[in-house]
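Engineer:
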Amino acid sequence: MNLKDLVEYIAKTLVEDPSQVEVRVIEGTNSVTVELHVAPSDMGRVIGKSGRIANAMRTLVRVAAIRQGKRATLEIV
């Protein structure tokens, strides 16, 4: 499973409107930036209390990227 599919799967299970979930991957030489766009009403669901869900997603993305030999960051836009 690549990073885009991973983030998309997690986000779609969290939000009320899965059709609004959009994931964009920007690849550099050694790094990857994953941008997650959701509906404004679902932003709280993706971030979670005190950012716990967002931090957990960032950790999963980081671990998945390390397995591919890259560094990754997740940005929730």
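Under the numbering used here, the letters of the sequence shown match residues 3 to 79, in that order.
C-beta: ideal position from N, C-alpha, C; glycine also.
1. Assuming Val27 and Glu10 make a contact with CB atoms under 8 Å, what is their CB distance in whole Å?
2. Sort out for me which residues DSSP pairs Ala74 with in a bridge.
3. Hey, quick one: how far does the alpha helix (DSSP H) through Val63 stretch, first residue to last?
4. Taking its Cβ as the centre, do 16 or more other Cβ atoms sit within 10 Å of Arg65, making it buried, or is it exposed?
5. Exposed or buried, what is Met3 when buried is set at 16 or more other beta-carbons lying within 10 Å of its beta-carbon?
Structural biologist: On the basis of the coordinates in this document:
1. With 8 Å as the limit, Val27 and Glu10 do not qualify as a contact, their Cβ atoms being about 10 Å apart.
2. Answer is Val34, bridged to Ala74.
3. Its alpha helix (DSSP H) spans residues Arg54 to Arg69.
4. Checking the displayed sequence, the identity of residue 65 turns out to be Val instead of Arg. The C-beta of Val65 has fewer than 16 other C-beta atoms within 10 Å across all chains shown, which makes the residue exposed.
5. Label assigned to Met3: exposed.
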